[in-house]
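K.L.:
Residue numbers (the numbering used here), protein chains in the order written: chain A, 3 to 101; chain B, 2 to 487.
Even for Gly, the Cβ is constructed at its ideal location relative to N, Cα and C.
Here you go, one structure.
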Amino acid sequence: MKITEQQVRYVADLANLKLTDTEIARLSRDLDEILTHIETLNELDTSQIEPMAQVLYDAEQTATLREDRERAPIGNDDALANAPLAGAGYYKVPKVIER
Amino acid sequence: MSTSVAGVAALTVEQVRSGLEQRQFSAVELAKSALEFAQAENPKTNAYLHFSPERALAAAERVDRKIAAGEDPGPLAGVPVAIKDVIVTKGLRTTCGSRLLERFIPPYDATAVARLEAAGAVILGKTNCDEFAMGSSNENSAFGPVRNPAALDRVPGGSSGGSAAAVAQGTAVVALGSDTGGSIRQPASFCGVVGVTPTYGRVSRYGLVAFASSLDHIGPLGRSVRDTALVLRTIAGRDECDSTSAFAPVPDYLARLDGNVRGLKIGVPREYFEGLTSESGDLIQKAIALLKNLGCEIRDISLPATKYAVACYYIICTAEASSNLARYDGVRYTTRADGETLSDMYRETRGAGFGAECKRRIMLGTYVLSHGYYDAYYLKAQRVRALIAQDFRDAFQQVDAIVTPVSPFPAFRLGEKLDDPLEMYLSDIYTITGDLAGIPCMSVPCGKTAAGLPVGMQILTRHFDETGMFRLADAFEKAGGFTGSN
Chain A
3 MKITEQQVRY
13 VADLANLKLT
23 DTEIARLSRD
33 LDEILTHIET
43 LNELDTSQIE
53 PMAQVLYDAE
63 QTATLREDRE
73 RAPIGNDDAL
83 ANAPLAGAGY
93 YKVPKVIER
Chain B
2 MSTSVAGVAA
12 LTVEQVRSGL
22 EQRQFSAVEL
32 AKSALEFAQA
42 ENPKTNAYLH
52 FSPERALAAA
62 ERVDRKIAAG
72 EDPGPLAGVP
82 VAIKDVIVTK
92 GLRTTCGSRL
102 LERFIPPYDA
112 TAVARLEAAG
122 AVILGKTNCD
132 EFAMGSSNEN
142 SAFGPVRNPA
152 ALDRVPGGSS
162 GGSAAAVAQG
172 TAVVALGSDT
182 GGSIRQPASF
192 CGVVGVTPTY
202 GRVSRYGLVA
212 FASSLDHIGP
222 LGRSVRDTAL
232 VLRTIAGRDE
242 CDSTSAFAPV
252 PDYLARLDGN
262 VRGLKIGVPR
272 EYFEGLTSES
282 GDLIQKAIAL
292 LKNLGCEIRD
302 ISLPATKYAV
312 ACYYIICTAE
322 ASSNLARYDG
332 VRYTTRADGE
342 TLSDMYRETR
352 GAGFGAECKR
362 RIMLGTYVLS
372 HGYYDAYYLK
382 AQRVRALIAQ
392 DFRDAFQQVD
402 AIVTPVSPFP
412 AFRLGEKLDD
422 PLEMYLSDIY
432 TITGDLAGIP
442 CMSVPCGKTA
452 AGLPVGMQIL
462 TRHFDETGMF
472 RLADAFEKAG
482 GFTGSN
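Written out as structure tokens, the structure reads:
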């Protein structure tokens, strides 16, 4: 086993995902199978290979710098239009700090 | 008066243009006919999630006004298009195929959408897809699967299944999709249309809801190579709103669609044919023979890191997805579940909102990035990714283009592969390598199986050589008679 149910619960906690016991059992099985397949990467010696974080191609070194120009932001009302709960120009969430 | 436009299901971009020029129909008449047809046909496939008649008619009216005033209405004037529902549209619901965004109304347009409309295109609606573009069958949509127009009991492929189905069904002339590991090319091959994944950075991702940022692309689907080239020419090019968009000038992809590919060196990577005994494999072999007849020089090549691509891809894409999907926490995006504390609210919202495949990928991505595993998984995968990219660089020293299958098999039956996520992942083997390397790649129809299921051939070229890719695809399409084969 690459991964135990206990580890799956721990990872779900890290990911802020509430999962049912059925989902935990299913995910333990699926992740175990996928992680076993992923182990094939260990056949490769990559100690001398630079990691590739992004697709790169030739461009001027300063190419991604642009002029610093003002641009109107979308504004509070539009930004909050999709909020499940908003008030006084802010997103509202359950109470975090007790007074 | 509703004058219906004849043959609306089979129009090409250029036929729309000449129809407008010769006053056979107005843009408004075409938009009305296209909407009417699309809405009537949609229950068969579920390709569209929602339609945008007001926006479509407003765009069509602008085109008609320009034509009446003697102004240039733009290269895509009046062309009915469909937009995958992971690409945001101002004021028009964008769900990403997810319950979490069921009621999300974006406050701005994606750059690709804005450029299409500026060129005169008419957006008919938003197309169904796997939730947050995660899937190879379109069965992971929260709003029901899409059915393949070529065989209604089969999947259209994914994740851009709705876009591919709409184009194949004739309910859009062209469509936008997105591709992270094959999500444009695989559904294009399953539905018998052309699907293009351009060079990484060629098309701005501003307004594409992020899945795996180092791999995400926007690209076109159409019924002919020419139509997809026209759309790509319109949406490609640097965008200040996406710092990863490329500065390279956009050439006129249509200038060299002359059918002449004599002397072109084409690589056939042996690793892509090992164990490929399906009818799809036979059709690719026939396609290669056809290219040889056109005067191409066929060379056997090797891309040795291919067998590691699936493992590499599913580390990188899930790691990046787990970060990108962290934002759906019940605070900003429409859907919130009740919870006593902030933390409970996050967990309840995400637990209830995400479907099974998204959860699986968030979990795998969180696991590979968690404390103590980063080097063993994410960093290792980035090193393997460098090897895969190097394979292609080496190959392009010897050849001008590479030709491979798109998928090991044609469209499968709904439900057939749902229970085995690893098997579903492994079927992406031929398409994910192009995304990992960031090179342009496309699927072009190469015939049908005995049961009538479409099969696509993949063409890959060097970074920014979309011109060469379109040229080969167009010559092949003309020689094979596959244009508009659906």
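1) Contact check, Arg-203 (chain B) vs Ala-247 (chain B) under 8 Å by CB: the rounded distance?
2) Using a Cβ distance threshold of 8 Å, determine whether the region 379 to 393 of chain B contacts the region 311 to 328 of chain B, with at least three qualifying pairs required.
3) With DSSP as the reference, identify every bridge partner of Ala-51 (chain B), one or two as the case may be.
4) Is the beta carbon of Ala-78 (chain B) sitting closer than 8 Å to the one on Ala-28 (chain B)?
5) Is the beta carbon of Ile-5 (chain A) sitting closer than 8 Å to the one on Leu-43 (chain A)?
6) Give a yes or no on whether 8 Å exceeds the smallest Cβ distance from Asn-487 (chain B) to chain A.
7) According to the neighbour-count rule (16 or more other Cβ atoms, all chains shown, within 10 Å of its Cβ), is Glu-478 (chain B) buried or exposed?
8) Counting along the chain, where does the alpha helix (DSSP H) carrying Met-3 (chain A) start and finish?
9) Taking the alpha helix (DSSP H) that Val-369 (chain B) falls in, what are its first and last residues?
10) Under DSSP, the beta strand (DSSP E) around His-218 (chain B) begins and ends at which residues?
11) Counting only Cβ-Cβ distances shorter than 9 Å, please list the residues of the region 404 to 426 of chain B near chain A, keeping chain order.
12) Whole angstroms is fine: what's the gap from Ala-249 (chain B)'s alpha carbon to Gly-159 (chain B)'s?
13) Is it right to say Arg-234 (chain B) is buried, meaning 16 or more other beta carbons lie within 10 angstroms of its own, or is it exposed?
14) Compare the C-beta of Tyr-347 (chain B) with all C-beta atoms of chain A and state if any pair is closer than 8 Å.
15) With a threshold of 8 Å between beta-carbons, can Ile-299 (chain B) be considered close to chain A, or not?
16) Nearest to Ser-324 (chain B) by CA position, among B:Ala-353, B:Leu-277 and B:Arg-362, is which residue?
17) Could you tell me the alpha carbon to alpha carbon distance between Asp-23 (chain A) and Phe-133 (chain B), rounded to whole angstroms?
18) Would you grab the beta carbon distance between Leu-488 (chain B) and Thr-112 (chain B) for me? Rounded to a whole angstrom, and I think it's under 8 Å.
19) May I ask you to report which of helix, strand or coil DSSP gives Lys-94 (chain A)?
20) So for Arg-68 (chain A), helix, strand or coil by DSSP?
21) May I have the straight-line CA-CA distance separating Thr-367 (chain B) from Gly-448 (chain B), to the nearest angstrom?
22) Could you name the residues of chain E that Gln-8 (chain A) contacts, counting a contact when the two beta carbons are closer than 9 Å?
23) Thinking just about the alpha-carbon of each residue, which of B:Gln-170, B:Asp-228 and B:Gly-183 is nearest to the one in Glu-42 (chain B)?
24) For the candidate residues B:Asn-47, B:Pro-188 and B:Pro-107, whose alpha-carbon lies nearest to that of Val-407 (chain B)?
25) Measure the CB-CB distance between Asp-110 (chain B) and Thr-128 (chain B) and report whether it falls below 8 Å.
26) Measuring CA to CA, which of A:Val-57, A:Ala-74, A:Asn-18 and A:Val-13 is closest to Gly-354 (chain B)?
27) What is the residue span of the alpha helix (DSSP H) that Asp-154 (chain B) lies within?
28) Within the continuous alpha helix (DSSP H) that includes Leu-117 (chain B), where are the two ends?
29) Taking the alpha helix (DSSP H) that Val-311 (chain B) falls in, what are its first and last residues?
30) Relative to the alpha-carbon of Leu-216 (chain B), which residue among B:Cys-318, B:Ile-430 and B:Leu-153 has its alpha-carbon at the smallest distance?
31) So if I threshold CB-CB distances at 9 Å, which residues from the region 9 to 31 of chain A count as touching chain B?
32) For my contact list, Pro-81 (chain B) and Ala-11 (chain B) are in at a C-beta cut-off of 8 Å; report their separation, rounded to the angstrom.
33) In angstroms, rounded to a whole number, what distance separates the CA positions of Asp-154 (chain B) and Thr-198 (chain B)?
34) How would you list, in chain order, the residues of chain A whose beta-carbon sits under 7 Å from the beta-carbon of Tyr-201 (chain B)?
35) Tell me, please, whether the CB atom of Arg-337 (chain B) is closer than 8 Å to any CB atom in chain A?
36) Let me know if Phe-320 (chain B) comes out buried or exposed under the rule of 16 or more other beta-carbons within 10 Å of its beta-carbon.
P.N.:
On the basis of the supplied data:
1) Yes, Arg-203 (chain B) and Ala-247 (chain B) are in contact; Cβ-Cβ is about 6 Å, under 8 Å.
2) Between the region 379 to 393 of chain B and the region 311 to 328 of chain B, the count of Cβ pairs shorter than 8 Å is three or higher; the stretches touch.
3) The amino acid at residue 51 (chain B) is misidentified as Ala; the sequence shows His. Residue pairing from DSSP places His-51 (chain B) in a beta bridge opposite B:Lys-127.
4) The answer is yes: Cβ separation under 8 Å.
5) The answer is no: Cβ separation not under 8 Å.
6) Since pLDDT at Asn-487 (chain B) reaches only 42, below the 50 mark, its modelled position is unreliable, and the value read off the structure follows with that caveat. For Asn-487 (chain B), no CB of chain A lies under 8 Å from its own CB, so it is not counted at the interface with that chain.
7) Under this definition Glu-478 (chain B) is a buried residue.
8) DSSP places Met-3 (chain A) in no alpha helix (DSSP H); its state is neither H nor E.
9) Per DSSP, Val-369 (chain B) belongs to the alpha helix (DSSP H) from 357 to 370.
10) For His-218 (chain B), the uninterrupted beta strand (DSSP E) segment begins and ends at 218 to 223.
11) In summary, the residues of the region 404 to 426 of chain B whose CB is separated from some CB of chain A by less than 9 Å are Asp-421, Pro-422, Leu-423 and Tyr-426, in the order they occur in the chain.
12) Going from the Cα of Ala-249 (chain B) to the Cα of Gly-159 (chain B) covers about 30 Å.
13) Flag for Arg-234 (chain B) reads buried.
14) Closer than 8 Å to some Cβ of chain A, the Cβ of Tyr-347 (chain B) qualifies, so yes.
15) When Cβ-Cβ separations below 8 Å define contact, Ile-299 (chain B) makes no contact with chain A.
16) For Ser-324 (chain B), the nearest C-alpha among the options comes from B:Arg-362.
17) Those two C-alpha atoms are separated by around 24 Å.
18) Chain B is shown from 2 up to 487; residue 488 (chain B) falls before or after that span and cannot be answered.
19) Lys-94 (chain A) carries a coil assignment under DSSP once its states are collapsed to helix, strand and coil.
20) Coil.
21) About 41 Å.
22) Absent from the structure is chain E; the protein chains it does hold are A and B.
23) Checking every option, the nearest Cα to that of Glu-42 (chain B) belongs to B:Gln-170.
24) Of the candidates B:Asn-47, B:Pro-188 and B:Pro-107, B:Pro-188 places its Cα closest to the Cα of Val-407 (chain B).
25) Cβ atoms of Asp-110 (chain B) and Thr-128 (chain B): not closer than 8 Å.
26) Nearest neighbour of Gly-354 (chain B) by Cα position, chosen from A:Val-57, A:Ala-74, A:Asn-18 and A:Val-13, turns out to be A:Asn-18.
27) DSSP places Asp-154 (chain B) outside any alpha helix (DSSP H), giving it a letter other than H or E.
28) Taken as a continuous stretch (DSSP letters only), the alpha helix (DSSP H) holding Leu-117 (chain B) covers 112 to 119.
29) That run of the alpha helix (DSSP H) goes 310 to 325.
30) Nearest C-alpha to Leu-216 (chain B): B:Cys-318.
31) Flagged, chain order: Gln-9, Val-10, Tyr-12, Val-13, Ala-14, Asp-15, Leu-16, Ala-17, Asn-18, Leu-19, Lys-20, Leu-21, Thr-22, Glu-25, Arg-28 and Leu-29.
32) Actually they do not touch by this definition, with Cβ atoms about 12 Å apart.
33) Roughly 27 Å separates the two Cα atoms.
34) Here the neighbours are Val-57.
35) Under the Cβ criterion of 8 Å, Arg-337 (chain B) is counted among the residues facing chain A.
36) At residue 320 (chain B) the sequence reads Ala, which differs from the Phe that was named. Within 10 angstroms of the beta-carbon of Ala-320 (chain B) lie 16 or more other beta-carbons, which makes it buried.
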